[in-house]
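As structure tokens, the structure follows; a few thoughts come after it.
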Amino acid sequence: MVARQSQTYEQAVQRYVEQYNRQPPPGFQDWFTFAKANNAIIIDDYGQLEQDLAPLRKIPAHVLRQRMKNGRKTGMWELHQWDFKNGTVSTGAKHGTVNAFKGILQPFVHKLPDFSVLQNWDDNHRVCGPKPGEVEDVNDTTVIEVGTSGDPDAMDHLTIGCPRNTETTSSVTSDRPSVDFCKHTHDWMNQHGIFRVHNGCFNSTVPVLSLTKISSFQDITTASWCYGADGYRLWGLNPSGKDSDHVAYRDKRARIYWRGSNTGSRRGKKPHYYGHRERLVMMGAQMQKKAAELAARYKGQSLPGTFTQDDVKRVELPEMPKTFTQLQLSALSRLDPEAIDMNFVGLHGCQNDPERCAEWEKTFPLAAHQDSSFAFRNKFLMDIDGNSMSCRFYRLLDSNSLVFKQTIYVEWHDDRIVPWLHYVPVSKGMEELPILLDYFTNDPTGQALGEMIANTSRDWSNSALRKIDLSVYTYRQMLELAHIIGHD
Numbered sequence: 080m081v082a083r084q085s086q087t088y089e090q091a092v093q094r095y096v097e098q099y100n101r102q103p104p105p106g107f108q109d110w111f112t113f114a115k116a117n118n119a120i121i122i123d124d125y126g127q128l129e130q131d132l133a134p135l136r137k138i139p140a141h142v143l144r145q146r147m148k149n150g151r152k153t154g155m156w157e158l159h160q161w162d163f164k165n166g167t168v169s170t171g172a173k174h175g176t177v178n179a180f181k182g183i184l185q186p187f188v189h190k191l192p193d194f195s196v197l198q199n200w201d202d203n204h205r206v207c208g209p210k211p212g213e214v215e216d217v218n219d220t221t222v223i224e225v226g227t228s229g230d231p232d233a234m235d236h237l238t239i240g241c242p243r244n245t246e247t248t249s250s251v252t253s254d255r256p257s258v259d260f261c262k263h264t265h266d267w268m269n270q271h272g273i274f275r276v277h278n279g280c281f282n283s284t285v286p287v288l289s290l291t292k293i294s295s296f297q298d299i300t301t302a303s304w305c306y307g308a309d310g311y312r313l314w315g316l317n318p319s320g321k322d323s324d325h326v327a328y329r330d331k332r333a334r335i336y337w338r339g340s341n342t343g344s345r346r347g348k349k350p351h352y353y354g355h356r357e358r359l360v361m362m363g364a365q366m367q368k369k370a371a372e373l374a375a376r377y378k379g380q381s382l383p384g385t386f387t388q389d390d391v392k393r394v395e396l397p398e399m400p401k402t403f404t405q406l407q408l409s410a411l412s413r414l415d416p417e418a419i420d421m422n423f424v425g426l427h428g429c430q431n432d433p434e435r436c437a438e439w440e441k442t443f444p445l446a447a448h449q450d451s452s453f454a455f456r457n458k459f460l461m462d463i464d465g466n467s468m469s470c471r472f473y474r475l476l477d478s479n480s481l482v483f484k485q486t487i488y489v490e491w492h493d494d495r496i497v498p499w500l501h502y503v504p505v506s507k508g509m510e511e512l513p514i515l516l517d518y519f520t521n522d523p524t525g526q527a528l529g530e531m532i533a534n535t536s537r538d539w540s541n542s543a544l545r546k547i548d549l550s551v552y553t554y555r556q557m558l559e560l561a562h563i564i565g566h567d
């Protein structure tokens, strides 16, 4: 990926034309100079950006501008507008995240032409777009909000855009089955909380920036404000370095660690068991209990070639598998029960449903709050979606630990963060977790591979995911948007 990037402006223009069959937008030379001056590694691979903007290129600029105006009139929750004018930027949004994103814009905002674009500050995506197969009237400025309560589920709402092509021009993201929402809808129904949240979206093509999206939606993914915020990066947590990771990978404890709360799903007496974070905690509990059982049962004895019917049984939990496979049991038999440590430190929604919280805490006692530095004592760090994508992802990549990641979301960085090179991908069912842990803990090849991935991800984060890299990406994104949308 790195070796093939353009080194001169002329090469960058040639590569752009070859990839997209058009000339670069006005301001491209200034962008290239900015990128090179800041030692940006990625110059040419912007496949995710191209996919995000492709629907907009089919609509006349004046229609897009009117659709933005009409979209704002719907009163969509947390929908605001960025106005770029005379080298400055302004917005009506007031919360602190605005300043964090302005920090990403600041190095180049004076170079941008005048234009406006909508920004969705909510965790959910906002542009479901027209149904595939329907011919969108490119001259129609009507924008309608369609919504769902998430009760009993949000399936129809989330799949308005299905089937939708998820391919990009990037060799990294050319095949992304792990985030193909349309393909896996029924598999994920009881594995992720997104299917039980309320949401609203626009049923036409409208330029809206969002933190992330599922692949069936048409939002424009941004280099999220949190990835450049001090509190979400290892280098910004504490100026004294208290929370920095000073422990080498080989000196860390062979344990998978996660702490968080029950975000990501609607609160309710039964549906909360469908939440992805709840399922992570339940999976960890099943694995830990079984590892302890096997350790006690076969202490000092040779492990059997085939485990018994009692061995295969899991502790029964709602909506979770009831048995382990022989391969999973073999892996768990080689793991210390304390090698699995994934739990909640707090629960949301307890004021409205104290019985549910009491029931959960009785089965899964909450863990104590710990400094973020405690996580870095562990070799394996789990990352999982919350209400949206996980803002802690880059902080984990910054560390010397090996990151395990589960997500359903498409993000701006999908061109440049590579599974099995920068992190270990985990499926929504998580059934491979025992085998992965055993491999990276006990297999010599796995031990070496784990250290390699951990070191590679740290180095890549420090060279390609810096705050200035977010600015480089956003600068190019804004130039493209300004050229597409124009101004009145």
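Per this note's numbering, the very first residue in the sequence shown carries number 80; after that it's consecutive. Here a beta-carbon is modelled for each residue, glycine too, at the ideal position from N, C-alpha and C. Just so it is clear, the structure is predicted and the values come from calculations on it, not from any experiment.
Check Asp298 in the structure and name its three-state DSSP category. coil
Starting from the N-terminal side, write out each stretch of the alpha helix (DSSP H) that is 4 residues or longer and does not extend beyond the segment 225-292. 234-237, 260-267
Three-pair Cβ contact test at 8 Å for the segment 156-170 versus the segment 122-142: no
Distance check for Pro139 and Thr535, CA to CA, integer angstroms please. 44 Å
Do Pro211 and Gly175 have their C-beta atoms within less than 8 Å of each other? no
Cβ-Cβ separation, Leu516 to Ala418 (assumed contact under 8 Å), whole Å: 6 Å
Taking just the CA atoms, how far does Tyr473 sit from Arg338? 16 Å
Along the chain, where does the alpha helix (DSSP H) that runs through Ala40 open and close? Nothing can be reported for residue 40: it is not among the residues displayed for the chain, which extend from 80 to 567.
Are the segment 282-299 and the segment 437-456 in contact at 8 Å, needing three or more beta carbon pairs? no
Starting from Leu476 and walking both ways along the beta strand (DSSP E), at which residues does that stretch end? Counting along the chain, Leu476 falls outside any beta strand (DSSP E), though it belongs to the alpha helix (DSSP H) covering 472-477.
At what residues does the beta strand (DSSP E) containing Tyr336 begin and finish? 332-340
For Gln380 and Gly279, the rounded distance between their alpha carbons: 58 Å
If you drop the 5 nearest sequence neighbours on each side, which residues of the same chain put their C-beta closer than 6 Å to that of Val505? Phe483, Gln485
From the DSSP output, which residues share a beta bridge with Phe423? Gly339
Chain B contact for Lys507 (CB, 8 Å cutoff): Chain labels in this structure do not include chain B; a single protein chain is all it has.
How big is the Cα-Cα spacing for Thr442 and Met366? 15 Å
Name, in chain order, the residues that DSSP records as bridge partners for Leu481. Phe459
In the DSSP assignment, find the unbroken beta strand (DSSP E) run with Gln160 in it and report its ends. 158-164
On the CB-based measure, 16 or more other CB atoms within 10 Å of its CB, does Leu382 come out buried or exposed? exposed
Taking the alpha helix (DSSP H) that Thr220 belongs to, which residues open and close that run? No alpha helix (DSSP H) contains Thr220, which DSSP labels as neither H nor E.
How many Å lie between Phe111 and Ala91 at the Cα? 8 Å
From the DSSP output, which residues share a beta bridge with Gln198? His159, Leu288
Lys190 and Gly106 closer than 8 Å at C-beta: yes
Distance CB(Ala375)-CB(Lys458) smaller than 8 Å: no
Please report the straight-line C-alpha distance between His159 and Ser289, rounded to a whole angstrom. 11 Å
Tell me whether Pro103 is buried or exposed, calling it buried when 16 or more other Cβ atoms sit within 10 Å of its Cβ. buried
Looking only at DSSP bridge pairs, what is Tyr502 linked to? Pro498
Assigned exposure category for Trp161 - 16 Cβ within 10 Å defines buried: buried
Please return the same chain residues whose Cβ sits closer than 7 Å to the Cβ of Thr220, not counting the five positions on each side in sequence. Val142, Gln145, Arg146, Asn149
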